[in-house]
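Okay, so here's the structure we're looking at.
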Amino acid sequence: MAPDWPTIDDDAPDLTESPWVEKLAEAPVQRGRPKSDRTKVSTTIRLDADVLERFRADGPGWQSRINDALRDWLAKR
253 MAPDWPTIDD
263 DAPDLTESPW
273 VEKLAEAPVQ
283 RGRPKSDRTK
293 VSTTIRLDAD
303 VLERFRADGP
313 GWQSRINDAL
323 RDWLAKR
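Under our numbering, the first residue of the sequence shown carries the number 253, and numbering increases by one thereafter.
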């Protein structure tokens, strides 16, 4: 059962009837990470198992590292 907050903290203001209730309801909800300037496209690519294992071994962000490696390769061409 949830605690009875008004009896726990008498100094806490009543937020159910404050001007903050309307302001919070109007505020846009932004979830997730911010939108990037470069949108990405979902695709399927077949890689050698050892290549994929090496990128994944470095932890989270392995897809971004593959993208960066491909971008570097393109820049050198």
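By construction, the Cβ of each residue, glycine as well, lies at the ideal position given by its N, Cα and C atoms.
C-beta contact flag for residue i and residue j at 8 Å
| i | j | result |
| --- | --- | --- |
| F307 | R323 | no |
Three-state secondary structure (DSSP) of residue i
| i | result |
| --- | --- |
| K328 | helix |
| A321 | helix |
| T291 | coil |
| T268 | helix |
| Q315 | helix |
Alpha helix (DSSP H) segment containing residue i, residue limits
| i | result |
| --- | --- |
| L276 | P271 to E278 |
| A309 | A301 to A309 |
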